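Following: one structure in structure tokens, then a few remarks.
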Amino acid sequence: MALRVAASQAFRSSKLQGCRAFSAEAVQAFPDYVLKAPTTDVTTLDSGMRVASETSVGGETATVGVWIDAGSRYETAQNNGAAHFLEHMAFKGTDKRSQQQLEVEIENMGGHLNAYTSREQTVYFAKVFKDDVGKAVEILSDILLNSKLDEAAIDRERDVILREMEEVNKKQEELVLDHLHSTAFQGTGLGRTILGPEENIRSLTRNDLTDYIATHYTAPRMVIAGAGAINHDELCGLAAKHFGNVPTVPKGGVEVAMDPAVFLGSDIRVKFDSDDTAHVAFAFEGASWTSEYAFPLMLMQSILGSYDRTSGLGKNMASKMCQEVSEYELAHSISCFNTCYKDTGLFGIYFVAPDNKLDDLMWHVMNNLVRLVHVPSDEEVERAKVNLKATMLMSLDGNSNVAEDIGRQLLTYGRRMTPAEIFSRIDAVTTSDIKATAAKFINDEDHALAAVGGIHELPDYNW
């Protein structure tokens, strides 16, 4: 999975043995492409909205977008699905443009306009030529602030979203991970799906959507991020011009408190005896973006690695867990995931395996997780550091990836860390830190599990 760089706070040595201060000597050891990485310019407007950009000299294209600190987590059981519904409605016409006019205008620019919703963020972005950045910002402001939200269009879009739900539910990995969240965070915002339940999709009204906008779409919760052929001062001017009317406080003047996440050790199993394949995800409670344990968990994810039997590595993979899975032909694929949220996270394993291999597979997986508590080697920790650094740099290839990184980091940390700082934080983690982190999050801790398919051999929860 794409690297999720974390921790805007310095490691606290009292919590993790062996954490070291970042020395000038260590920083100087980094190559030029790390030390001389492009800077990120950040400006906070009078409204509290932040504008951030990274300029690429000589580029001809740019990505610019709006990152909003609002997603499905901020919904209630009654309006769950509103954030995603709004994402669809944004492209259905505004007071200035019909849907067709919007689509033609973007195509005539040779641009690409898109959006996505996650559990904690909603994003609208455009990829355009450098001369069209101003027009792109104006279009983004128009679809965000002036959407018609026509009743007839809302009714038509219900069927589109229900069709999307069918497609999502056909993707077993997404389905299982949704089940995992629903059981791990029962009764909280993180436990709800992004699309929302079918009854909500059929019943959400225009008032529900406008109330969500008035409550969550405020200037201090927005970041306008750009990357590529971008002039920062120009972007600030465009933001002030086109987003100057965004309210600074929510409707009623009272901020809605974030629904706190409460992890609950539990499981959900959907058994199909006719299926000879099992899709399983299990996880322990992980760390937040800004936790001192965030980087050690990322390194643990790299140590455990991922494997797919269609790849050519097999028994020659560096990960001990993947070596065993390949050698004994225990799974079709297996991967470790580390998902961070504002106040919690999920650290776990997802695998697709034959129904008659589940008992053996679970033993090997748990054995490798517990091994990190006791005997992780210096060699695999150092290898994981190199892997994590490479993953971080590769995730920044392209303007869109850079813009996404800027927007996400400003929402989660309040700033953007440089590659040199990230490398320093990675290098500061020791093998003892890995042991301490594994002991805190894995050893004798409750887990959450979600499984779908032929799971008759899957051990019970207390196994």
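Start counting the sequence shown at 9; every next residue gets the next number (my numbering). Glycine residues also receive a C-beta, built at the ideal position from the N, C-alpha and C atoms. All of these numbers come straight from a predicted model, not from anything done at the bench.
(1) Do LEU152 and VAL74 have their C-beta atoms within less than 9 angstroms of each other?
(2) Are three or more beta carbon pairs between the stretch 104–113 and the stretch 392–404 nearer than 8 angstroms?
(3) So what's ALA29 in DSSP terms, helix, strand or just coil?
(4) For the beta strand (DSSP E) containing ALA123, name the first residue and the last one.
(5) Please work out which residues of its chain come closer than 7 angstroms, Cβ to Cβ, to VAL381, disregarding the five sequence neighbours upstream and downstream, and give them in chain order.
(6) Following the continuous alpha helix (DSSP H) through ASN215, name the residue where it begins and the one where it ends.
(7) Report the residue from VAL131, GLN194, GLN129, ASN470 whose alpha carbon sits nearest the alpha carbon of ASP454.
(8) If the criterion is Cβ atoms closer than 9 angstroms, does the pair ALA227 and SER55 meet it?
(9) In whole angstroms, what separates the C-alpha of ASP163 from that of ASN208?
(10) Assuming SER310 and LEU396 are in contact, meaning their beta carbons sit under 8 angstroms apart, how far apart are those beta carbons, in whole angstroms?
(11) Assuming ASP267 contacts ARG81 under a Cβ cut-off of 8 angstroms, what Cβ separation, rounded to an integer in Å, is found between them?
(12) How about GLU83 and GLY204: are their beta carbons less than 9 angstroms apart?
(13) Using the beta-carbon count (16 or more within 10 Å), is PRO384 buried or exposed?
(14) Report yes or no: do the stretch 177–184 and the stretch 214–226 share at least 3 C-beta pairs separated by less than 8 angstroms?
(15) Going by CA-CA distance only, name the one from GLU388, THR191, VAL460 that's closest to LEU354.
(16) From PRO467 to LEU366, what does the alpha carbon distance come to, in whole angstroms?
(17) Write down every uninterrupted run of the alpha helix (DSSP H) in the stretch 378–452 whose length is 4 residues or greater and which is fully enclosed by it, in chain order.
(18) Do PHE345 and ALA289 have their beta-carbon atoms positioned less than 9 angstroms apart in this structure?
(19) Give me the Cα-Cα distance between TYR301 and VAL389, rounded to the nearest whole angstrom.
(20) Buried or exposed for THR347, going by 16 or more other Cβ atoms inside 10 Å?
(21) If we require 3 or more residues per run, which beta strand (DSSP E) segments fall completely within the stretch 336–378?
(22) What is the DSSP secondary structure of ALA458, reduced to helix, strand or coil?
(23) Taking one C-beta from the stretch 269–281 and one from the stretch 322–340 each time, how about it: are there three or more such pairs within less than 8 angstroms?
(24) Helix, strand or coil for LYS135, going by three-state DSSP, please let me know.
(25) Count the other CB atoms, across all protein chains shown, that sit within 10 Å of the CB of GLY66; report buried if there are 16 or more and exposed otherwise.
(26) Pick out whichever of ILE202, ASP284, ASN253 has its Cα sitting closest to the Cα of ALA90.
(27) I'd like to know whether the C-beta atoms of ARG58 and LEU418 end up nearer to each other than 9 angstroms.
(28) So what's THR191 in DSSP terms, helix, strand or just coil?
(29) Please work out which residues of its chain come closer than 6 angstroms, Cβ to Cβ, to ALA18, disregarding the five sequence neighbours upstream and downstream, and give them in chain order.
(30) Rank GLU293, THR399, SER334, PHE193 by C-alpha distance to the C-alpha of ASP368 and give the top, closest one.
(31) Output the distance between the C-alpha atoms of THR256 and ILE147, rounded to the nearest integer angstrom.
(32) Quick check: the stretch 413–431 against the stretch 242–262, are at least 3 beta-carbon pairs closer than 8 angstroms?
(33) Am I right that GLY236 and THR69 are in contact with their C-beta atoms under 8 angstroms? What's the rounded C-beta distance?
(34) Taking DSSP as the reference, what is the three-state secondary structure of VAL262?
(35) Whole angstroms are fine: how far does the CA of PHE193 sit from the CA of PHE271?
(36) How about ALA98 and TYR132: do their beta carbons lie closer than 9 angstroms?
In terms of the structure at hand:
(1) Here residue 152 is taken as the residue at index 144 of the sequence shown, counted from 1. Here residue 74 is taken as the residue at index 66 of the sequence shown, counted from 1. Taking 9 angstroms as the Cβ cut-off, LEU152 and VAL74 qualify as a contacting pair.
(2) No contact exists between the stretch 104–113 and the stretch 392–404.
(3) If you number the sequence shown from 1, residue 29 lands on position 21. With a pLDDT of only 43 at ALA29, under the threshold of 50, the placement of this residue in the model should not be trusted; the figure read from the coordinates follows. Coil at ALA29, not helix or strand.
(4) Position 115 of the sequence shown, counted from the first residue, corresponds to residue 123. For ALA123, the enclosing beta strand (DSSP E) covers residues 120–125.
(5) As a first step, residue 381 is located in the sequence shown; it is residue number 373 there, counting from the start. Counting only Cβ-Cβ distances below 7 angstroms, and skipping sequence neighbours, we find LYS443, ALA446, ALA447, ILE450, ASN451.
(6) Numbered from its first residue, the sequence shown carries residue 215 at position 207. Here the alpha helix (DSSP H) through ASN215 covers 214–224.
(7) Here the question's residue 454 lines up with position 446 in the sequence shown. With distances taken between Cα atoms, ASP454 lies closest to ASN470.
(8) The residue given as residue 227 occupies position 219 in the sequence shown. The residue given as residue 55 occupies position 47 in the sequence shown. In this structure, SER55 lies closer than 9 angstroms to ALA227 by Cβ.
(9) Residue mapping note: residue 163 aligns to position 155 of the sequence shown, counting from 1. Residue mapping note: residue 208 aligns to position 200 of the sequence shown, counting from 1. Rounded to whole angstroms, ASP163 to ASN208 spans 12 angstroms at the Cα level.
(10) Counted from its first residue, the sequence shown places residue 310 at position 302. Counted from its first residue, the sequence shown places residue 396 at position 388. Indeed, because the Cβ distance is near 5 angstroms, the residues count as touching under 8 angstroms.
(11) Residue 267 sits at position 259 when you count from the first residue of the sequence shown. Residue 81 sits at position 73 when you count from the first residue of the sequence shown. Indeed, because the Cβ distance is near 6 angstroms, the residues count as touching under 8 angstroms.
(12) In the sequence shown, the residue the question calls residue 83 occupies position 75. In the sequence shown, the residue the question calls residue 204 occupies position 196. Contact annotation: GLU83 and GLY204 have beta-carbon atoms nearer than 9 angstroms.
(13) If you number the sequence shown from 1, residue 384 lands on position 376. Around the beta carbon of PRO384, a 10 Å sphere encloses 16 or more other beta carbons of the protein chains shown; the residue is thus reported as buried.
(14) Result no; under three Cβ-Cβ pairs closer than 8 angstroms.
(15) In the sequence shown, the residue the question calls residue 354 occupies position 346. That would be THR191, whose Cα lies nearest to the Cα of LEU354.
(16) On the sequence shown, residue 467 is found 459 positions in, with the first residue counted as 1. On the sequence shown, residue 366 is found 358 positions in, with the first residue counted as 1. In a straight line, the C-alpha of PRO467 is about 8 angstroms away from that of LEU366.
(17) If only uninterrupted alpha helix (DSSP H) runs of at least 4 residues are considered, those enclosed by the stretch 378–452 are 386–402, 407–420, 427–435, 439–449.
(18) Along the sequence shown, read from residue 1 onward, the residue named residue 289 stands at position 281. Along the sequence shown, read from residue 1 onward, the residue named residue 345 stands at position 337. In contact: ALA289 and PHE345 (Cβ atoms closer than 9 angstroms).
(19) Within the sequence shown, residue 301 is the residue found at index 293, counting from 1. Within the sequence shown, residue 389 is the residue found at index 381, counting from 1. Annotation: TYR301 to VAL389 spans about 15 angstroms, alpha carbon to alpha carbon.
(20) Walking along the sequence shown from the start, residue 347 turns up at place 339. Around the beta carbon of THR347, 16 or more other beta carbons lie within 10 angstroms, which makes this residue buried.
(21) Counting only unbroken stretches of 3 or more residues, the beta strand (DSSP E) elements lying wholly within the stretch 336–378 are 341–348, 353–362, in sequence order.
(22) If you number the sequence shown from 1, residue 458 lands on position 450. Residue state, collapsed to three classes: strand.
(23) Contact fails: fewer than three Cβ-Cβ distances are below 8 angstroms.
(24) Taking the sequence shown and counting its residues from 1, one reaches residue 135 at position 127. In this structure, DSSP gives LYS135 an extended state, which the three-state scheme calls strand.
(25) Start at 1 with the first residue of the sequence shown, and residue 66 comes out as number 58. Classification of GLY66: exposed, given that the 10 Å Cβ count is below 16.
(26) Taking the sequence shown and counting its residues from 1, the one referred to as residue 90 is at position 82. Ranking the options by Cα distance to ALA90, first place goes to ILE202.
(27) The residue labelled residue 58 in the question sits at position 50 within the sequence shown. The residue labelled residue 418 in the question sits at position 410 within the sequence shown. Yes, these two residues count as a Cβ contact at 9 angstroms.
(28) Translated into the one-based positions of the sequence shown, residue 191 becomes position 183. For THR191, the secondary structure class from DSSP, reduced to helix, strand or coil, is helix.
(29) Translated into the one-based positions of the sequence shown, residue 18 becomes position 10. Low confidence applies to ALA18: its pLDDT is 34, below 50, so where it sits in the model is not reliable, and the reading given next is rough at best. Sequence-distant partners of ALA18 (beyond 5 residues in either direction) whose C-beta falls short of 6 angstroms from its own C-beta are missing from its chain.
(30) Taking the sequence shown and counting its residues from 1, one reaches residue 368 at position 360. Residue nearest to ASP368 within the set GLU293, THR399, SER334, PHE193 is SER334 (criterion: CA-CA distance).
(31) The count along the sequence shown starts at 1 and reaches residue 256 at position 248. The count along the sequence shown starts at 1 and reaches residue 147 at position 139. In this structure, the alpha-carbon of THR256 lies about 21 angstroms from that of ILE147.
(32) The answer is no - the stretch 413–431 does not touch the stretch 242–262, with fewer than three Cβ pairs under 8 angstroms.
(33) Residue numbering aside, residue 236 sits at position 228 when the sequence shown is read from its first letter. Residue numbering aside, residue 69 sits at position 61 when the sequence shown is read from its first letter. About 6 angstroms; that satisfies the 8 angstroms criterion.
(34) Residue 262 sits at position 254 when you count from the first residue of the sequence shown. Shown here, VAL262 sits in coil according to DSSP, grouped into three states, outside any helix or strand.
(35) By 1-based counting over the sequence shown, the position of residue 271 is 263. By 1-based counting over the sequence shown, the position of residue 193 is 185. Near 5 angstroms, if we compare the C-alpha coordinates of PHE193 and PHE271.
(36) As a working mapping, residue 98 is identified with position 90 in the sequence shown. As a working mapping, residue 132 is identified with position 124 in the sequence shown. With a cutoff of 9 angstroms on beta-carbon distance, ALA98 and TYR132 are scored as near each other.
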